[in-house]
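Taking it in order: structure first as structure tokens, then the write-up.
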């Protein structure tokens, strides 16, 4: 396992989450897109906001996907407006 994989397992365990349910690549892709399109400091804040929204809406992988899709749509809209 990579250090990232080890960290996800440890952090998820400390937070009583199942690491198998986490979409690590999806979160990293979201952070990348936000950092490159909006601003670098917006990436961790956006990931946190997605987590809060997903938790409020059931906290399952589908809730995370829906929250991520909403944010990515907002990023795309900003790109079209700014471009």
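Numbering (our numbering), first residue to last: 8 to 90. We treat Cβ as the ideally placed atom computed from N, Cα and C, and that holds for glycine. What you are looking at is a predicted structure, and each value in this text was computed from that prediction instead of being measured.
By DSSP, does residue 20 sit in helix, in strand, or in coil? Residue mapping note: residue 20 aligns to position 13 of the chain shown, counting from 1. In the structure shown, residue 20 sits in a helix (DSSP, three-state: H, G or I).
For residue 31, count the other beta carbons within 10 Å of its own beta carbon; 16 or more makes it buried, fewer makes it exposed. Which is it? As a working mapping, residue 31 is identified with position 24 in the chain shown. The residue in question, residue 31, is exposed, as its Cβ has fewer than 16 Cβ neighbours within 10 Å.
So for residue 38, helix, strand or coil by DSSP? Looking up residue 38 in the chain shown gives position 31. Residue state, collapsed to three classes: helix.
Which residue wins for smallest C-alpha separation from residue 78, given the options 21, 51, 17? If you number the chain shown from 1, residue 78 lands on position 71. It is 51 whose Cα lies nearest to the Cα of residue 78.
Any idea if residue 37 is buried or exposed, counting beta-carbon neighbours within 10 angstroms, 16 or more meaning buried? Locating residue 37 in the chain shown gives position 30, where the first residue counts as 1. Buried is the call here.
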